[in-house]
Structure formats: structure tokens, C-alpha cells
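Residue numbers (the working numbering): 463 to 711.
Just below is one structure, and these are the notes that go with it.
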């Protein structure tokens, strides 16, 4: 296993990454909330890319994995800055973002920032605007009061330890919403979603499809697949989706 490399950013963060050289466009894996670049999907896709001779990048947002900082201090905007730094400093030419869950939101923010760099996009259980539509919209009055007084609340997860959700994350999330204003995706976009996902609903996937303006956007629903989307059949679907937006090369 190659040693982890680190990128120092203009914001003073130390971002851990693995980059595989190869032909472009570079496939860039964007992980989910509290996940890291050692996850099943990221590592599997890296091996697939290497076998093809395709350039590939995976990295940890600040407060995740081997990167600097703590999760509790972070927010969507911080991780967007990390993503921009990784793409700008570690890749050249066209890229194919593959965004999982919160990484899907990050991919959409990337599309808004630099559409000219994107050859195509793949999302896996994309969770755009989840801080507002998932967290804030479902907070009880008691939780909202706790957020205001304590600065954070803890929420249970079906997939890992409880999430520490800060007031800063909620407030910052509102500055990065993508489903409240025009969203242009001027490239092939393939969205994958499991019907048994308890973290991101099929309604979210359909809302994204309905909201975005895109010349070639398709949603694949996989019956009984959960949020991990990491069994052999799901991993093959991810490979095929990436190959599709690359142009079948």
C-alpha cells in the first residue's frame, strides 16, 4: 500500500490523499459525512481505475480520516474548500467527480464552481442540502433550543456512532444550498440510489433529478440496496456509471 501523501492548503489545513497517475480525465472520489478515503467504494474504484490506467484521486476532508482538524469543528463550506484545493492542486484538465452521500453535495458544489473542468459526474445516494432538509427540518423545538444554547446536538446514525451536529454546520449549510436556485450540470450525470437507504431517501434523488438542468441525466434505483451501496452488484454499477460518463473508453 503506497504511503499517504499530504497537501497543505491556503486555509492552513493538511489534507491526506492518494493519487494514482494515468490517463485523463481524473476520477475524483468524494466521500460522505464522517467517512474516509479507506472506505470500500473509494478503494474499489481506485483499483478499477488503476487496472484501466485511469488517473484517480481520493482524499480525506479536514476532520476526517488522516487529515488535520476534528469533525466537530467542520462544516460543508470547509469541506468544499478542501475539495477545491485537492482538485486545483492535484489534478489537471478534465475530471469525473464521484460523490457519495455528502460527497454528492460536494460534487454539485464543484459543478457550480468549475463546470468547465468536469467531463461527467456520478453520484451515489447524493445528499444535497441535507443540513437544512434532513437535520434542521426534523429537529424538535427542544433540539433547536439545545443547538442555540449548547452549540450542538447529537443525532443517532444507522451506520456509525452518533453525529455531532454543530450550530455552525447548520448555519454554514444554508450558505451552500444547491436545490434553492438554478443548478446547471452541462455534462453527463449518472445518479445511483438504493431503495432501502435510511439515510437518504429516493425522494431526495427524485428532487435532484427534477431540479437540475442537465442534457443527459439518469437515475438508477436499486431495490433493497442500503446507504453503503457497497456490495458486489452495487460496486459494478458504480464502475459502469463512471465508464458511461467517461464515454465508454
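Backbone N, C-alpha and C define an ideal beta-carbon position, used for all residues, glycine too.
Just so it is clear, the structure is predicted and the values come from calculations on it, not from any experiment.
Residue i to residue j span [Cα, whole Å]
i	j	result
residue 614	residue 472	27 Å
residue 664	residue 679	16 Å
residue 577	residue 568	13 Å
residue 565	residue 497	10 Å
residue 528	residue 592	25 Å
residue 603	residue 540	27 Å
residue 714	residue 525	Here the chain comprises residues numbered 463 to 711, so residue 714 is not present and cannot be evaluated.
residue 601	residue 594	10 Å
residue 619	residue 705	32 Å
residue 588	residue 638	15 Å
Three-way DSSP call (helix, strand, coil) for residue i in this model
i	result
residue 640	coil
residue 479	strand
residue 625	strand
residue 558	strand
CB-CB length for residue i against residue j, believed under 8 Å
i	j	result
residue 484	residue 517	4 Å
residue 570	residue 700	Contact doesn't hold; Cβ gap of about 18 Å is too wide.
residue 551	residue 469	6 Å
residue 556	residue 486	6 Å
residue 641	residue 653	Contact flag wrong, Cβ pair sits at about 14 Å.
Candidates the options: closest to residue i by CA position
i	options	result
residue 659	695, 690 and 627	690
residue 707	605, 649, 694 and 666	649
residue 599	702, 632 and 486	632
residue 503	553, 563, 554 and 685	563
residue 530	580, 581, 478 and 488	478
residue 692	624, 704 and 501	501
residue 474	655, 481 and 544	544
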